[in-house]
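Shown next, in structure tokens, is the structure this report addresses.
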Amino acid sequence: MLIVVGGMIGLGKSSVAKILGEHFNSEVFYESVDDNPILPLFYSETEEEINKKRYPFLLQLYFLNTRFKSIKEALVHNNNVLDRSIYEDWYFAKKNMELGRISELEMSIYENLLNNMMEELEELPKKAPDIMVYLKGSFETVLERIKLRGREFEIDDDLREYYEFLWKDYDAWVDNHYKASDVLIIDMDKMDVVNNESDKEELVRLVQAKVKEVREKGDIV
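Numbering of the sequence shown is given in full-length UniProt numbering, commencing with residue 1 and proceeding in unit increments.
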């Protein structure tokens, strides 16, 4: 069984992945954030420096590389949880292209590399996740959770417009473009799985029920 946890920045993917990893006694492949050399620069440098150094393109390549490594490892072994996956990377690249931060040429290079990676995954015995646990929430919840987790480079008020630009189309991407697996939507406006034990238990219950449903359909390899 392979579960991917997806959703907007700040909504609690790492916390949910940790809870599910502990419950299912599985390895968790966390998103590369704390050891990411480009992410702080992407958030904190001036727009001029960001464009000059091509940080958005470099950041997407960095994430693509680390997520490809993680999903290859996760697909080979049973019972793994991924804190965001390679499938969501394209959404972030596309939104940065719409903002003019990634050029059409860079996007073309990125998509060709992504397609090659996805072809490599097709060679594995298990080719895709079984379930995406998608964390959904209002923009107010997104901002509140980003502030609560306290990563200094993410808290600047000037980033609010960027966060909202990413947030507004995220649900539509999941509804219309994500086809790799079944999706379980968790409403993070109503759940605080970090500070509320009953919400944590409800999360596990919902995921267990979805796993059972997918197994009964015969979709879990």
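We put the CB at the ideal spot given by N, CA and C, even for glycine.
The three-state reading of DSSP puts V33 in coil, since its state is none of H, G, I, E or B. Non-local C-beta neighbours of L159 in its own chain, meaning closer than 7 Å and more than five positions away in sequence, comprise Y43, ordered along the chain. The residue from S138, K200, M118 with its alpha-carbon nearest to that of S15 is K200.
Linking Y55 to T46 through their CA atoms gives a straight-line distance of about 11 Å. As summarised for the stretch 163 to 215, the continuous beta strand (DSSP E) elements at least 3 residues long and confined to that stretch are 182 to 187, given in chain order. L184 places its beta carbon less than 8 Å from that of K210. Counting every other CB atom within 10 Å of its CB across the protein chains shown gives D157 a total below 16, marking it as exposed.
Listed in chain order, the beta strand (DSSP E) runs fully inside the stretch 71 to 159 are 80 to 83, 131 to 136, counting runs of at least 3 residues.
A direct Cα-to-Cα measurement between V204 and I19 gives close to 8 Å. Annotation: the continuous alpha helix (DSSP H) that includes G21 extends over 13 to 24. The shortest C-alpha to C-alpha distance from W90 to any of R67, D35, A74 is the one to R67.
CA-CA distance, I86 to E140, rounds to 26 Å. DSSP places E45 in the coil class of the three-state scheme, outside both helix and strand.
Per DSSP, the beta-bridge partners of E27 are N80. Under DSSP, L2 forms a beta bridge with N80. Here G10 is not bridged, per DSSP, to any residue.
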